[in-house]
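Note that the UniProt record's numbering has the sequence shown beginning at 1, numbered continuously upward.
Glycine included, every Cβ here is placed at the ideal spot set by N, Cα and C.
Here the structure is a predicted model, which is why all the values come from computation and not from measurement.
Have a look at the structure below, then the notes.
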Amino acid sequence: MTTTRFSSQSVLAQGGINKYIKDVSIIPPVYTSTTYLRDSDNQYRSGLVYSRADNPTYRPAEKLLAELENAVDARLFASGMAAATAVFQALKPGDSIIAPKVMYWALRQWLKTFGQDTGLHIRFVDTSNLEELQESVNEKAPTLIWLETPGNPLWTVTDIEAVSAIAKSCGALLAVDSTVATPLLTKPLDLSADIVMHSATKYLNGHSDVISGALAARENNEFWQRLVAIRAQSGAVPSPQDASQLLRGMRTLFLRVRESCQNALYIAEQLEQHPNIVEVLYPGLKSFAGHEVAAKQMQGGFGGMLSIRLAGGEKAAIAVAAQTQLWHRATSLGGVESLIEHRASIEGPDTPVPSDLLRLSVGIESADDLLKDLQQAIDSAHA
Ligand code: PLP
1 MTTTRFSSQS
11 VLAQGGINKY
21 IKDVSIIPPV
31 YTSTTYLRDS
41 DNQYRSGLVY
51 SRADNPTYRP
61 AEKLLAELEN
71 AVDARLFASG
81 MAAATAVFQA
91 LKPGDSIIAP
101 KVMYWALRQW
111 LKTFGQDTGL
121 HIRFVDTSNL
131 EELQESVNEK
141 APTLIWLETP
151 GNPLWTVTDI
161 EAVSAIAKSC
171 GALLAVDSTV
181 ATPLLTKPLD
191 LSADIVMHSA
201 TKYLNGHSDV
211 ISGALAAREN
221 NEFWQRLVAI
231 RAQSGAVPSP
241 QDASQLLRGM
251 RTLFLRVRES
261 CQNALYIAEQ
271 LEQHPNIVEV
281 LYPGLKSFAG
291 HEVAAKQMQG
301 GFGGMLSIRL
311 AGGEKAAIAV
321 AAQTQLWHRA
331 TSLGGVESLI
341 EHRASIEGPD
351 TPVPSDLLRL
361 SVGIESADDL
371 LKDLQQAIDS
381 AHA
């Protein structure tokens, strides 16, 4: 029998079981042990010592993610924030960072407080504007450029390959939060980023029942080893049960992302002409500022996230969210169920998000039902 190489879709659907687990079980076991046997000659050849540092339950999900991202290695973390902040903790006081103006708000807050307090010098620029970025780099060469594309919640698209060339020209590392793009639509490491980060809480798990994060690396170098050590020494690890549940979620990633992308595009196109909607923000729309770059670096869809801006401002936006029956009014994204959120309310006073904006995480329900529900909510709010 010759060995056939199967696609990542097939390997993912099987949870990587045939490739990574030397066992007869179809589902990998959950290792609940907090500690591991030392060899009789006092070595730890298994590489496993104590579960605050590592647990074999993580490996199938980590290996699948590494394969999907074309990474040399990946590590799960306790949350997306634990994964992202590990990257900044790996820097040294005085190091300089460029981060996007539009990015996940809690990370922006962390950078402005704890990041700055620990001696990091942080500049927020419009990373989608390559001239503005280049000017900022010319002023002071950064140690690390952090991107988030599409950027939550305006879905600003940044050209990863172009920024990577800028980063290389000044010796900076490039890290990309690719949570919204998922490893299926964009592969930042193929575009020469050094590190890719995911909130695995979102699409990777996909069922709104696990908090987890992940980092994956293009090269196994000193920086990656520092990230691995930070996770192990700080104990920023998920529970083995969460890692197992995450693997279960990942197995349907292809189906869920495909469906969410199709639904989101349909809804965005249908709402674009709605008289009570000022603007639809979605990378898949030809009218969207970042559409061309998105078409270049996103394959197979433009993601399941979009935002709408309501005529009638904040009051109308909050009223629409209050009237939906199928869409759940809740924060977070990337689950099979559709969520709607008045984003400015959660981000606080210094948010760049307009107060008339609703963020939509499009799930896998019927696109027509989702649209019908939004339309009735918009009509009632504007009646
Ligand atoms: N990055 C993005 C784009 C997010 O939307 C989130 C959470 O909403 C995070 C990072 C943080 O992930 P977590 O909630 O898993 O800590």
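Listed in chain order, the non-local C-beta contacts of Y31 below 7 Å within the same chain comprise N55, P56, T57, P240, local neighbours out to five positions each way being set aside. As for any alpha helix (DSSP H) of minimum length 4 sitting wholly inside the stretch 207-283, the runs are 222-234, 240-250, 253-271, ordered along the chain.
Taking the Cβ of S366 as the reference point, every heavy atom of ligand 1 lies at 6 Å or farther away. Judged by DSSP in its simplified three-state form, F77 adopts strand.
At least 7 Å separates the beta-carbon of C170 from that of V196. The beta carbon of M81 sits closer than 6 Å to at least one heavy atom of ligand 1.
In the structure shown, the three-state DSSP call for Y50 is strand.
In the three-state reduction of the DSSP assignment, W146 falls in the strand class, which pools E and B. With fewer than 16 other CB atoms across the displayed protein chains lying within 10 angstroms of its CB, V24 is exposed.
For M305, the pairing in a beta bridge is given by DSSP as S361. In this structure, N263 has its CB at a distance of at least 6 Å from all heavy atoms of ligand 1.
Taking a cut-off of 8 Å for Cβ pairs, the stretch 94-105 and the stretch 131-145 touch, as three or more such pairs fall below it. Around E219, the same chain offers V72, D194 as residues with beta carbons nearer than 8 Å, after the five sequence neighbours per side are excluded. Here I230 is not near S79, since their CB atoms are 7 Å or more apart. Assignment of V163 by DSSP, reduced to helix, strand and coil, places it in the helix class. In this structure, the alpha-carbon of A200 lies about 10 Å from that of V180. Contact check between the stretch 285-296 and the stretch 150-167: three or more CB pairs, one atom from each, fall below 8 Å, which counts as touching.
M103 sits close to E148, with the two beta carbons spaced by under 7 Å. When secondary structure is reduced to three states using DSSP, S355 falls in the coil class, being assigned neither helix nor strand. By the neighbour-count definition (other C-beta atoms within 10 Å, threshold 16), A74 is a buried residue.
Of G151, Q134, K112, the smallest CA-CA separation from L306 is found for G151. Beta bridge pairing from DSSP links F124 with A99. Non-local C-beta neighbours of G119 in its own chain, meaning closer than 7 Å and more than five positions away in sequence, comprise P93, G94, ordered along the chain.
When secondary structure is reduced to three states using DSSP, T182 falls in the helix class.
In the three-state DSSP reduction, A193 falls in the coil class, being neither helix nor strand. In this structure, the C-beta of S199 approaches ligand 1 to less than 6 Å from one of its heavy atoms. Contact between L215 and A86 holds, with the beta-carbon distance rounding to 7 Å and staying under 8 Å. Taking 8 Å as the upper bound for CB-CB distance, I160 and L191 are in contact here, some 4 Å apart.
Beta-bridge pairing by DSSP links G151 to T156.
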